[in-house]
Amino acid sequence: MTEGRLDLALPPPAPAWGDRAAPWIPDTIGRRARAAEAPWKTDPDPDFPDTVLDHGRIGDITVLACAARGSKHRFEGTARQDAVIARAATGAWALAAVADGVGSVPESQKASLVAVHVVVTELAKRLAIDDADPEQLAQAAFREVNGKLAHLAGPKTTLTAAAVAAVPGPDGAYRAWAAGVGDSPAYILRDGGFTAVRDLGRDDEFGTFTAAMPTRDPKSHFRFDKLSLYAGEALALVSDGLGDLLGAPSDEPRRYFAANWSAPPNPVDFMRQVQVRSRGFDDDRSAAVLWAAPPPADAPVLRDADSSMAHDGELRAARTQGLEVRSAAGRGLKAAKEGRHRRTRTLVIEHSARLVAVACAPLTDDGDQAGHWFAAAREAIEAFPPDHPSQDWAGQVWSQAARGFAVTADPWAGRVATAIVCAEPAGDGAVDYELAVSGALSVSIAGAGIHRDLGAVHAPRYVWYTGPGEAPCRVHVDRLAPDQALLVTSGVDPAGIARLPERPGPLGTAWALEDQGAEEDRLALMLWGER
Numbered sequence: 006m007t008e009g010r011l012d013l014a015l016p017p018p019a020p021a022w023g024d025r026a027a028p029w030i031p032d033t034i035g036r037r038a039r040a041a042e043a044p045w046k047t048d049p050d051p052d053f054p055d056t057v058l059d060h061g062r063i064g065d066i067t068v069l070a071c072a073a074r075g076s077k078h079r080f081e082g083t084a085r086q087d088a089v090i091a092r093a094a095t096g097a098w099a100l101a102a103v104a105d106g107v108g109s110v111p112e113s114q115k116a117s118l119v120a121v122h123v124v125v126t127e128l129a130k131r132l133a134i135d136d137a138d139p140e141q142l143a144q145a146a147f148r149e150v151n152g153k154l155a156h157l158a159g160p161k162t163t164l165t166a167a168a169v170a171a172v173p174g175p176d177g178a179y180r181a182w183a184a185g186v187g188d189s190p191a192y193i194l195r196d197g198g199f200t201a202v203r204d205l206g207r208d209d210e211f212g213t214f215t216a217a218m219p220t221r222d223p224k225s226h227f228r229f230d231k232l233s234l235y236a237g238e239a240l241a242l243v244s245d246g247l248g249d250l251l252g253a254p255s256d257e258p259r260r261y262f263a264a265n266w267s268a269p270p271n272p273v274d275f276m277r278q279v280q281v282r283s284r285g286f287d288d289d290r291s292a293a294v295l296w297a298a299p300p301p302a303d304a305p306v307l308r309d310a311d312s313s314m315a316h317d318g319e320l321r322a323a324r325t326q327g328l329e330v331r332s333a334a335g336r337g338l339k340a341a342k343e344g345r346h347r348r349t350r351t352l353v354i355e356h357s358a359r360l361v362a363v364a365c366a367p368l369t370d371d372g373d374q375a376g377h378w379f380a381a382a383r384e385a386i387e388a389f390p391p392d393h394p395s396q397d398w399a400g401q402v403w404s405q406a407a408r409g410f411a412v413t414a415d416p417w418a419g420r421v422a423t424a425i426v427c428a429e430p431a432g433d434g435a436v437d438y439e440l441a442v443s444g445a446l447s448v449s450i451a452g453a454g455i456h457r458d459l460g461a462v463h464a465p466r467y468v469w470y471t472g473p474g475e476a477p478c479r480v481h482v483d484r485l486a487p488d489q490a491l492l493v494t495s496g497v498d499p500a501g502i503a504r505l506p507e508r509p510g511p512l513g514t515a516w517a518l519e520d521q522g523a524e525e526d527r528l529a530l531m532l533w534g535e536r
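Read in order, the letters of the sequence shown correspond to residues 6 to 536 in our numbering.
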């Protein structure tokens with residue numbers, strides 16, 4: 006009641022898609038962004054999951070780096086064009102980079118991915134030789150990036166990179182610098198507010214044109230800033246998806262991020278904050294934040310710059326063809342302590358009228374076996390005839406992938422656990438699926454807060470062998486009821502996911518992995534009919 010009148014205002018309805026309950030619904034700044042509440046379509050390029058995360062510490066520096074598709078690309082089913090990375094160098098530096106592929110140029114996501122990986126690799130090489138002249142060092146690294154991008158023959162990207170010393174100097178200051186080309190800005194977060202190091206740097210009267218790489222004269226567009234950080238401060242690199250928000254006339258976005266990033270948040274909270282909603286701000290979002298604050302002793306170790314492009318965590322989710330799917334993968338405690346890359350892999354792809362999902366986890370420590378299987382499975386799926394009948398589809402694709410994998414890992418039996426799921430809607434929320442699984446992945450049917458191992462529900466329809474002495478794959482063919490979900494996991498307890506009060510959204514899925522704190526690298530793949 007309000008002054009004798011009945012107050013008929015109703016609370017906002019729960020979202021029909023995605024994360025439906027606190028604390029994982031992204032916050033809203035300003036006006037409600039209804040486009041951000043729309044269902045996501047699948048990522049069209051398997052090399053670019055919807056959301057990626059790097060997280061670690063070196064010395065006193067904690068780094069979180071996240072890139073996420075914007076609501077426009079999620080709605081359209083187009084690829085994320087932003088890229089981020091966070092790595093360590095020489096045991097003495099934290100490195101980070103953010104790149105934003107130029108949207109008007111086809112396949113610019115490839116340029117942004119190459120840019121962030123090449124720049125940290127080149128910076129690490131040069132820091133190992135001499136760190137006395139950081140501007141010259143950064144210019145040399147950017148020239149190398151420019152040359153690599155020129156070989157792509159078309160795609161263009163912005164690039165901002167930074168380095169922060171792992172320990173302070175005698176004056177208590179942490180040496181730092183930021184360099185870049187284009188409109189991916191950098192800020193120092195100190196005294197509860199943001200100070201621009203590099204602004205959006207747009208060069209036309211409409212504020213839309215930006216320099217990008219490759220360019221004929223990278224030196225003319227290169228900008229370098231030598232910095233100092235003190236305890237309790239942070240250096241933030243962002244793409245223009247967040248830079249435009251931070252530069253908005255209202256100070257609400259700046260207050261929001263200053264409050265939430267005054268200290269390193271939980272990694273999944275950081276992912277949620279990067280995806281904060283605001284009407285009119287629908288571009289991809291990327292941020293890499295480096296905090297000068299001694300981290301907890303058990304904080305994950307920041308990985309050294311190496312050839313692996315695997316992020317510490319990745320997340321995919323979609324509603325398509327009457328189906329909903331979630332997949333997430335993350336580093337386990339063992340990898341986080343050792344500072345090595347994640348070895349679990351997931352993939353979600355639409356192939357003709359089918360939704361196809363892949364999960365793989367290594368069973369040994371010798372090399373990137375799951376990465377090899379991931380590549381072989383993807384190649385087999387993309388080469389398979391789209392009009393092939395559904396019967397035996399998963400088994401046939403698994404067999405093709407196994408043969409391709411054996412070329413790089415022979416003999417391969419017992420070296421990787423794998424699953425390939427092919428699903429189609431059966432109407433009224435039911436799902437017809439075919440599952441080919443090999444090795445020690447957990448596969449279960451979940452519903453009503455409980456889960457049952459698939460093998461206990463029914464035996465596989467048949468067992469598939471690629472040849473004498475090879476590992477078999479069990480092929481299950483069945484229908485999910487509308488209240489059931491298919492759950493594939495590794496490194497986590499599936500009961501913890503099955504007991505969630507409702508089917509999790511994307512960030513809820515990421516938290517289900519993060520919360521269990523498993524020793525081994527983790528993955529979860531969930532599939533059910535559209536509700």
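Cβ coordinates follow ideal geometry from the N, Cα and C atoms, glycine included.
Between Trp22 and Ala146, what straight-line distance do the alpha-carbon atoms span, to the nearest angstrom? 43 Å
Nearest-angstrom Cα separation, counted from His393 out to Met60: The question names Met, but residue 60 is His in the sequence shown. In a straight line, the C-alpha of His60 is about 42 Å away from that of His393.
Under the rule that 16 or more other beta-carbon atoms within 10 Å means buried, what is Asp208, buried or exposed? Confidence at Asp208 is low in this model, with a pLDDT of 48, below 50, so its placement is unreliable and no value can be given for it.
Beta-carbon contacts of Arg508 that lie in its chain and below 7 Å, excluding the five residues immediately before and after: Ala490, Trp533
7 Å Cβ cutoff met for Pro465 and Val480: yes
Per DSSP, which residues does His481 bridge with? Please list them. Leu440
Distance check for Ala445 and Tyr235, CA to CA, integer angstroms please. Their backbone Cα atoms lie some 48 Å apart in a straight line.
Per DSSP, what are the beta-bridge partners of Phe229 in this structure? Ala184
Quick one: using the 10 Å Cβ neighbour count with 16 as the cut-off for buried, is Thr56 buried or exposed? buried
Pairs of beta-carbons, one from the stretch 314-324 and one from the stretch 351-358, closer than 8 Å: are there three or more? yes
Rounded to whole angstroms, what is the Cα-Cα separation between Ile193 and Leu530? 38 Å
Here's the rule: buried if 16 or more other CB atoms are within 10 angstroms of the residue's CB, otherwise exposed. What is His156? exposed
Coil, strand or helix - Met218 by DSSP: strand
Closest by CA to Val330, which one among Val125, Gln141, Thr514, Gln144? Thr514
Residue ranges of each alpha helix (DSSP H) within the stretch 104-166, 4 or longer: 113-132, 139-155
What span of residues does the beta strand (DSSP E) with Leu532 cover, start to end? Run containing Leu532: 527-534, per the beta strand (DSSP E) assignment.
Given that a residue counts as buried once 16 or more other Cβ atoms are within 10 Å of its Cβ, and exposed if not, what is Val119? buried
Using only the alpha-carbon positions, how far apart do Leu154 and Phe53 sit? 18 Å
Contact under 7 Å by Cβ, Val493 with Leu518: no
Counting only the same chain and skipping the five closest in sequence on each side, list residues whose C-beta sits under 6 Å from that of Glu112. If the five residues before and after Glu112 are omitted, its C-beta is found closer than 6 Å to the C-beta atoms of Pro160, all from its own chain and listed in chain order.
Output the boundary residues of the beta strand (DSSP E) element that contains Glu319. 318-325
Helix, strand or coil at Arg284 according to DSSP, with G and I counted as helix: Here Arg284 sits in coil by DSSP.
With distances taken Cα to Cα, identify the nearest neighbour of Glu81 among Ile455, Leu58, Asp87, Thr47. Glu81 has its Cα closest to that of Thr47, out of Ile455, Leu58, Asp87, Thr47.
Would DSSP call Asp245 helix, strand or coil? helix
Per-residue DSSP class, three states only, for Tyr235: coil
What does a CB cutoff of less than 6 Å around Gly344 pick up in its chain, not counting 5 residues either side in sequence? Val306, Arg308
Chain-order list of residues whose beta-carbon lies under 8 Å from that of Leu368 (same chain, five-residue window excluded): Gln374, Gly419, Arg420, Val421, Ala422, Gly444, Ala445
Pairs of beta-carbons, one from the stretch 220-228 and one from the stretch 179-186, closer than 8 Å: are there three or more? Segments in contact, yes.
Apart from the five residues just before and just after Asp50, which ones in its own chain have a Cβ nearer than 8 Å to its Cβ? Ala84, Gln114
Cβ neighbour criterion (16 or more within 10 Å) applied to Ile34: buried
Is Ala178 helix, strand or coil when you go by DSSP? coil
Considering only the alpha carbon of each residue, which of Ala297, Trp29, Asn271 lies closest to Tyr179? Ala297
Identify every run of the beta strand (DSSP E) within the stretch 12-57, keeping only runs that are complete inside it and at least 3 residues long; order them along the chain. Counting only runs that start and end inside the stretch 12-57, there is no beta strand (DSSP E) element of at least 3 residues.
Measure the alpha-carbon distance for Gly212 versus Ser244 and round it to whole angstroms. Residue placement at Gly212 is flagged as unreliable, the pLDDT there being 44, under the threshold of 50; the coordinate-derived value follows with that caveat. Those two C-alpha atoms are separated by around 15 Å.
Output the distance between the C-alpha atoms of Val468 and Ala310, rounded to the nearest integer angstrom. 42 Å
Given 8 Å, three or more beta-carbon pairs between the stretch 284-303 and the stretch 70-78: yes
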